[in-house]
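Visitor: Could you have a look at this structure, given as structure tokens, before my questions?
In our numbering, the protein residues as written are 91 to 509.
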């Protein structure tokens with residue numbers, strides 16, 4: 091059994107009054123913690139990850155834009171992390187930090203090469219074909235529980251919808267969806283099965299690349315393999331893993347977070363049914379109020395510097411606090427709300443490593459179609475438990491419900507065909 095991580099030295103600035111990004115309080119009220127951190131430390135605050143690992147959390151809107159726009163000062167290559175000598179091999183969050191040769195950790199010209207290939211492959215997806223396929227998937231999934239009068243909108247719907255669509259976009263066999271969902275959850279929850287989940291995910295993407303190398307199709311994987319960037323099989327495999335994680339998790343929880351707000355917040359519910367906003371506008375509001383990707387790891391300081399009044403040492407881990415930055419009073423109205431129609435949230439990150447625009451468009455098509463079809467088929471959805479009984483996933487990274495149980499009047503199936 092690996093020894094626990096050593097305690098930080100006395101007076102370590104990143105641990106002085108650091109707030110843990112784990113535990114019951116963070117799981118249930120991260121927004122309250124971000125407000126307390128802002129009041130105590132300003133836009134950049136010391137935090138602690140499980141295992142006593144220290145980091146800086148950027149919760150200032152302007153400061154987060156600065157970090158993501160200055161790659162020479164805050165780099166993406168995690169190999170420069172000054173804490174690696176103290177990090178245990180079986181640290182549950184290691185899969186999210188380890189310097190692997192994927193697009194996530196590339197910098198400069200190499201990142202531009204990989205990013206160009208992914209953006210082109212995503213941009214070639216026909217938006218009309220995507221919308222049609224999303225509608226078919228959503229109808230088929232609703233068919234599976236429409237007659238029951240009850241469902242868990244996380245397990246039965248939101249988890250499966252984006253991944254089924256992603257499987258189709260990447261050229262994957264939809265029969266692999268259940269195993270892939272579990273592998274993703276195991277990895278991202280940072281529990282005992284995190285590293286095993288990461289390995290399963292890599293193995294599944296490698297099988298996909300090998301099959302498309304011999305039998306290409308009209309899919310993202312095949313387009314990556316023939317792109318002029320000349321990606322190797324290993325590069326494509328690792329970048330597909332990034333696409334799966336970045337495409338599935340935020341989209342699935344974007345859907346459930348918006349539905350939760352719709353079911354529990356009368357003002358928000360009115361935006362869906364009152365005709366004042368479209369579902370797309372309501373989804374934008376959900377990103378401001380309850381963004382699925384709360385925090386992201388991260389950036390690493392390339393030299394000693396200052397940020398938001400804090401002294402950052404070379405190699406320090408700087409976490410991108412999207413939820414905290416979206417809640418920064420500097421970019422909110424006096425009443426604390428986001429301006430209607432404002433798309434300047436940071437939920438898709440910022441700078442050269444932000445989510446490619448074609449990926450943002452695809453995510454919104456998937457999320458909007460999922461909600462539109464669900465509301466059309468089951469217009470009297472209601473929460474089946476007290477709001478206080480809802481349980482959040484124990485993750486430093488995502489704001490996501492374990493389950494979203496609902497009730498409704500049993501409905502007929504659509505009679506559609508899925509394939």
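By construction, the Cβ of each residue, glycine as well, lies at the ideal position given by its N, Cα and C atoms.
Remember, predicted model here, so these are calculated numbers, not experimental data.
When you compare each of 432, 112, 144, 421 to residue 371 by their alpha carbons, which one comes out closest?
Guide: With distances taken between Cα atoms, residue 371 lies closest to 432.
Visitor: Nearest-angstrom Cα distance between residue 180 and residue 285?
Guide: Cα to Cα, residue 180 sits roughly 8 Å from residue 285.
Visitor: Out of 290, 461, 355, state which residue places its alpha-carbon closest to the alpha-carbon of residue 477.
Guide: Among 290, 461, 355, the Cα nearest to that of residue 477 belongs to 355.
Visitor: Tell me where the beta strand (DSSP E) around residue 240 begins and ends.
Guide: Element bounds for residue 240: 240–242.
Visitor: Measuring straight from C-alpha to C-alpha, what distance separates residue 315 and residue 305?
Guide: Each residue's Cα considered, the two are about 11 Å apart.
Visitor: Between 117, 487, 456, which lies nearest to residue 249 when the distance is taken from Cα to Cα?
Guide: Comparing Cα-Cα distances from residue 249 to each of 117, 487, 456, the minimum goes to 456.
Visitor: Please return the same chain residues whose Cβ sits closer than 7 Å to the Cβ of residue 328, not counting the five positions on each side in sequence.
Guide: If we look at residue 328 and ignore the five residues flanking it on each side, its Cβ neighbours are 190, 191, 192.
Visitor: Locate the beta strand (DSSP E) running through residue 136, then write down its first and last residues.
Guide: That run of the beta strand (DSSP E) goes 134–139.
Visitor: On the premise that residue 138 lies in contact with residue 108, defined as a C-beta separation below 8 Å, what is that separation, rounded to the nearest angstrom?
Guide: About 4 Å; that satisfies the 8 Å criterion.
Visitor: Return the chain-ordered list of same chain residues with a C-beta closer than 6 Å to the C-beta of residue 237, the five sequence neighbours on each side being excluded.
Guide: So the list reads 500, once near-sequence residues are dropped.
Visitor: Quick one: Cα of residue 133 to Cα of residue 121, how far?
Guide: About 14 Å.
Visitor: Starting from residue 402 and walking both ways along the beta strand (DSSP E), at which residues does that stretch end?
Guide: Looking at the DSSP string, the run of the beta strand (DSSP E) that includes residue 402 is 400–402.
Visitor: Below 8 Å, how does it come out for the stretch 217–231 and the stretch 248–264: are there three or more Cβ pairs, yes or no?
Guide: Touching, per the Cβ criterion.
Visitor: Find out if the Cβ-Cβ distance for the pair residue 155, residue 440 is shorter than 7 Å.
Guide: Yes, these two residues count as a Cβ contact at 7 Å.
Visitor: Residue 184 to residue 335, Cα distance in whole Å?
Guide: Their Cα atoms are separated by approximately 16 Å.
Visitor: Below 8 Å, how does it come out for the stretch 411–421 and the stretch 193–203: are there three or more Cβ pairs, yes or no?
Guide: No, they do not touch.
Visitor: List the whole-angstrom C-beta distance separating residue 261 from residue 448, where the pair is believed to meet the contact cut-off of C-beta under 8 Å.
Guide: Their Cβ separation, rounded to whole angstroms, is 17 Å, which puts residue 261 and residue 448 out of contact at 8 Å.
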